[in-house]
Amino acid sequence: MTPAARVQSAIEILDQVIEAARSNGAPADRILADWFRAHRFAGSKDKRAVRELVYGAIRDCGPLPASGRAAMLHFTAGDETLRALFDGSNYGPAAVGSTERPAVGGIAPNWLVKSLAASGIAGDEAKALLGRAPLDLRVNTLKADRETIELPEAGEALAAPQALRFPSGTQADQWAAYRDGLAEVQDHGSQWACAAVNAQPGETVIDLCAGAGGKTLALAAAMDNRGTLVAADTDKRRLGNLPPRAERAGAGMIETLLLDPVKELDALATFHGKADAVLVDAPCSGTGTWRRNPEARWRLDPKQIERYAETQARLLDVAAQLVRSGGRLVYVTCSLLDVEGKDRITAFLAANSQWSASPLNFPLGRPHGDGTRLTPFHDGTDGFFIARLELAC
Ligand SMILES: C[S@@+](CC[C@H](N)C(=O)[O-])C[C@H]1O[C@@H](n2cnc3c(N)ncnc32)[C@H](O)[C@@H]1O
Numbered sequence: 001m002t003p004a005a006r007v008q009s010a011i012e013i014l015d016q017v018i019e020a021a022r023s024n025g026a027p028a029d030r031i032l033a034d035w036f037r038a039h040r041f042a043g044s045k046d047k048r049a050v051r052e053l054v055y056g057a058i059r060d061c062g063p064l065p066a067s068g069r070a071a072m073l074h075f076t077a078g079d080e081t082l083r084a085l086f087d088g089s090n091y092g093p094a095a096v097g098s099t100e101r102p103a104v105g106g107i108a109p110n111w112l113v114k115s116l117a118a119s120g121i122a123g124d125e126a127k128a129l130l131g132r133a134p135l136d137l138r139v140n141t142l143k144a145d146r147e148t149i150e151l152p153e154a155g156e157a158l159a160a161p162q163a164l165r166f167p168s169g170t171q172a173d174q175w176a177a178y179r180d181g182l183a184e185v186q187d188h189g190s191q192w193a194c195a196a197v198n199a200q201p202g203e204t205v206i207d208l209c210a211g212a213g214g215k216t217l218a219l220a221a222a223m224d225n226r227g228t229l230v231a232a233d234t235d236k237r238r239l240g241n242l243p244p245r246a247e248r249a250g251a252g253m254i255e256t257l258l259l260d261p262v263k264e265l266d267a268l269a270t271f272h273g274k275a276d277a278v279l280v281d282a283p284c285s286g287t288g289t290w291r292r293n294p295e296a297r298w299r300l301d302p303k304q305i306e307r308y309a310e311t312q313a314r315l316l317d318v319a320a321q322l323v324r325s326g327g328r329l330v331y332v333t334c335s336l337l338d339v340e341g342k343d344r345i346t347a348f349l350a351a352n353s354q355w356s357a358s359p360l361n362f363p364l365g366r367p368h369g370d371g372t373r374l375t376p377f378h379d380g381t382d383g384f385f386i387a388r389l390e391l392a393c
């Protein structure tokens with residue numbers, strides 16, 4: 001492909017990404033993968049270049065751009081070499097018209113920038129939300145150990161006991177150690193969220209929003225495969241991805257449980273007041289994960305955030321009914337909006353006097369309300385709010 005053809009391809013892919021953001025369609029990664037599958041003539045260098053252009057433009061535009069071309073015009077505005085490729089050549093983008101308007105830059109749509117700033121995320125903290133995430137692994141102690149695991153590349157040992165960091169774009173999923181379940185891909189912040197549960201062998205632990213089980217697997221390792229570990233979720237497809245992952249990880253203890261939304265407690269009745277710990281990794285806007293899927297910020301609206309906050313409040317109440325006296329509840333969101341984090345815990349504690357916050361004392365993060373905040377800028381992790389609560393005996 002010529003450099004101009006790569007730019008035009010990126011424009012066409014961006015059109016699809018923008019349409020998908022409007023209609024809640026496929027994520028950018030899937031759109032790119034489908035495009036590459038349908039355009040077999042694109043070699044590996046072409047693919048890399050097109051991907052860079054697409055993601056560069058997505059990161060660079062704050063509000064949803066009107067079109068892929070407008071996004072690319074904004075992205076190339078300061079780069080003479082790239083801008084010169086708008087030359088109307090075969091397969092390349094048409095020359096830039098005198099009345100054409102590039103898309104608007106920035107961190108996110110205006111309303112979201114304001115909500116983040118009101119939650120203390122502005123300036124460098126906000127910019128870092130759109131950086132590139134490194135690849136973090138968690139060595140699975142059911143099968144291996146960080147000190148002795150053999151990997152094709154040496155990683156940087158991080159503060160979490162089994163965490164290793166590799167450069168962004170490392171294809172760890174191609175490694176034998178990954179395929180054999182010796183290591184899982186898991187953000188360093190997410191590893192600390194699991195550590196907050198302090199799950200012990202022999203305990204009864206419920207992962208209430210388990211999804212495909214990223215955190216459940218870490219809990220199984222902490223429990224050394226002993227005790228009761230329930231992975232519950234309302235999404236059959238996500239939960240269905242867990243059993244093969246658990247098998248690969250040697251985490252035979254995990255029981256999966258499909259929940260009926262709004263009637264979650266029905267399926268969990270046997271655990272009422274019995275769990276030593278419940279993890280609520282709540283559904284949220286994901287503002288802390290834009291490093292991985294930056295187009296997600298174009299899919300949000302204020303009403304959605306309100307709905308997330310309502311669900312989060314309800315799930316906290318559900319979880320609280322499952323915990324035994326003296327037990328613990330860990331609330332996690334990968335959002336940095338206070339309405340989904342700090343405020344939820346303040347409201348819960350105000351309404352439930354038998355519960356209290358228990359400090360986390362992590363070697364990273366900062367206290368935020370009754371919990372801890374991790375951010376890409378301060379901690380080099382995804383953005384998280386994590387709170388641990390204890391029920392009085
Ligand atoms: C942040 S994701 C969980 C990610 C997962 N814990 C992990 O580490 O990979 C939130 C999950 O909450 C689930 N969820 C949404 N509403 C729920 C509900 N009412 N009860 C339980 N889970 C729910 C979603 O299906 C989604 O899988």
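Under UniProt numbering, the residue at position 251 of the sequence shown is numbered 251, and the numbers go up by one with no gaps. For glycine and all other residues, C-beta sits at the position ideal for the given N, C-alpha and C. Bear in mind the structure is a predicted one, so any value in this text is a computation, not a measurement.
Unbroken alpha helix (DSSP H) runs of no fewer than 4 residues, entirely contained in the region 228 to 278, are found at 236 to 240, 242 to 249 and 264 to 267, following chain order. Here W290 really is in contact with L129; their C-beta atoms are around 5 Å apart, less than 8 Å. Counting of Cβ neighbours within 10 angstroms places S23 among the exposed residues, the total staying below 16.
Within 6 Å of the C-beta of T234 there is at least one heavy atom belonging to ligand 1. Counting along the chain, P367 sits inside the beta strand (DSSP E) bounded by residues R366 to H368. Close CB contacts of A94 within its chain, under the 8 Å cut and outside five residues either way in sequence, are with F86 and G88 (chain order). Excluding sequence positions up to five before and after V323, its CB lies within less than 6 Å of the CB of A275, V278, L329 and L391, all in the same chain and listed in chain order. By the Cβ neighbour-count rule, A42 is buried, with 16 or more other Cβ atoms within 10 Å of its own. Remark: C-beta atoms of V205 and A199 approach each other more closely than 7 Å.
In the DSSP annotation of this structure, the continuous segment of the alpha helix (DSSP H) that includes Y178 starts and ends at A176 to R179. Taken from the Cβ of G181, every heavy atom of ligand 1 lies 6 Å or farther away. Contact between A231 and L242 holds, with the beta-carbon distance rounding to 6 Å and staying under 8 Å.
No Cβ-Cβ contact shorter than 7 Å links D15 with G56. By the CB criterion at 7 Å, A319 and L208 fall inside the cutoff. Using a cutoff of 6 Å, the CB of L300 does not count as near ligand 1, since none of the ligand's heavy atoms is closer than that. CA-to-CA, the gap between R299 and A117 works out to about 19 Å. For E184, the beta-bridge partners assigned by DSSP are R138. DSSP, read as helix, strand or coil, puts I107 in coil. Straight-line measurement puts the Cα of E125 at about 28 Å from the Cα of L349.
Between the C-alpha atoms of E247 and G213 there is a straight-line separation of about 12 Å.
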